[in-house]
Amino acid sequence: MKFRYIFLLLFICNAEMRAGGPWTQKKGEAYTQVAFYAIPSVNRLHFNAFKTKFLNRSVFDATAQLYAEYGLLNKFTLSASLPLKFVSTGNKVLEPDQDMIAKGAFAPSDSILDAGLLIDLGNVFVEAKYNFFKKKILLTAHLALYAPAAIQKYNPKTALRTAHPCFGFHPSLSLGYSSKKIYTYFGTGMNFRTHNFSHQWIADFELGWKISKRAYLAVNLNAQVALPGGANIPGSNEDIQTGLYINNQNFVAFTFKAIIPANDNIGVNLSFSGGLWANNVQQGPSIGVGVYYKWKKKIKVI
575 MKFRYIFLLL FICNAEMRAG GPWTQKKGEA YTQVAFYAIP SVNRLHFNAF KTKFLNRSVF
635 DATAQLYAEY GLLNKFTLSA SLPLKFVSTG NKVLEPDQDM IAKGAFAPSD SILDAGLLID
695 LGNVFVEAKY NFFKKKILLT AHLALYAPAA IQKYNPKTAL RTAHPCFGFH PSLSLGYSSK
755 KIYTYFGTGM NFRTHNFSHQ WIADFELGWK ISKRAYLAVN LNAQVALPGG ANIPGSNEDI
815 QTGLYINNQN FVAFTFKAII PANDNIGVNL SFSGGLWANN VQQGPSIGVG VYYKWKKKIK
875 VI
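Position one of the sequence shown corresponds to residue 575 (our numbering), numbered consecutively onward.
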């Protein structure tokens, strides 16, 4: 495997940090985060079993995200995310690496679309999770709904998108454990999608360890695999111009995280993401930074 494949870019909607795993908020308490994620401009997709697909123009993808969760009950939490997307293609038409094409890389499309900039909403989601087992380990059921919130109509002259044009219904289970020094969890489920998009199997594993009085470092492994079927599956000869929010995007990817609290309520989340294997996903690193605030109940002093 060539070194560059270690830095396959995560599709940004899956690289976004949010409080995951089986842990729920206490009743009346909440967690909110404002975050920004960026994918540097790149004109390459990882495509079809560790090969490269060149694009005519470089693609930039960034997200500003508002995330919040609230404890309705001690074991029942609701959460929601609202992403604002910034996507663009470069003005310059780029020449592909002919040596790589000779070795099996895919050439860009023969047609050249217009350069463009699109600012719009992405796929919003709401999730309910219920913790039904809590001993040394936690077992929690999740149910998430994804919906396209983009306001502007798709422009085929630029092929820019900010959201998958489909709904997703995602039930899952997560199992977790925590102590004073470490935490870990594993989650898995299916995302059932509408509008002839392939359904997805999604799995998530995270391990974090405490490095100071408050701060944590963590590594996350995430897999997303599109199941066979669906009318929107692109083949090696399809006219892919940007790779933004198309079907049949698969990856096994990692994210390194740093969780740095300033006090009991406020802190910063940092992330760096890459991939081990992917299909229809851009090549390059994904970088994220978020600022969070926790609402906690005040203890009454009698």
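No residue lacks a Cβ here, since even glycine has one placed at the ideal position from N, Cα and C.
Proximity of residue i and residue j at Cβ, strictly below 8 Å
i	j	result
Y641	Q607	yes
R618	V667	no
A800	N839	no
V863	F610	yes
G750	P596	yes
Q815	L629	yes
K731	D694	no
A604	W869	yes
V793	F828	yes
G602	K831	no
G849	V826	yes
A676	T626	no
N622	N837	no
I861	A612	yes
Q672	S655	no
K709	T651	no
First and last residue of the uninterrupted beta strand (DSSP E) at residue i
i	result
I725	Neither: I725 is in no beta strand (DSSP E) and is coded neither H nor E.
H744	742-752
K708	697-708
N854	Premise fails: N854 is in no beta strand (DSSP E) and is neither H nor E.
W869	860-869
G763	756-767
6 Å Cβ shell around residue i - same chain, five flanking residues per side excluded
i	result
K600	G645, N648
P614	G858
D778	G761, N796
Y866	Q607, G841
K784	K755, Y790
A723	L695, V698
Q726	D694
W851	V826
F707	L713
D562	The chain is shown only over 575 to 876; residue 562 falls outside these bounds and no answer can be derived.
S653	E643, E701
T637	I586, Y611, P657, K659
K844	Looking at the sequence itself, residue 844 is Leu, so the reference to Lys does not match. Result list for L844: A832, V863, in chain order.
A883	Since the first residue shown for the chain is 575 and the last is 876, residue 883 is missing from the structure and cannot be characterised.
Cut-off 8 Å between Cβ atoms - residues of its own chain near residue i, not counting five sequence neighbours on either side
i	result
L747	L713, T714, A715, H716, G761, T762, G763
L719	F699, V700, E701, F741, G742, F743, H744
L818	V633, D635, V661, A733, L734, R735, T736
N729	G690, L692
N773	Rather than Asn, the amino acid found at residue 773 in this sequence is His. Counting only Cβ-Cβ distances below 8 Å, and skipping sequence neighbours, we find M764, N765, F766, R767, A800, L801, G803, G804.
Residue i: first and last residue of the uninterrupted alpha helix (DSSP H) it sits in
i	result
Q672	672-676
Contact set for residue i: own chain, Cβ-Cβ below 7 Å, skip 5 residues either direction
i	result
Y759	G595, P596, S748, L749, G750, E780
N705	P596, T598, K649, L712, T714
D684	none
W775	M764, V799, L801
R788	P835
H769	P739, C740
I686	N630, V667
M674	T626
*Note down, one range per segment and in chain order, each alpha helix (DSSP H) of at least 4 residues found wholly within the region 619-680.*
Look at the region 619-680 and you find these whole runs of alpha helix (DSSP H), each 4 residues long or longer: 672-676.
*Runs of beta strand (DSSP E) lying entirely within the region 771-842, each at least 3 residues, in chain order*: Taking only runs of at least 3 residues, the beta strand (DSSP E) segments lying wholly in the region 771-842 are 774-784, 790-800, 824-835.
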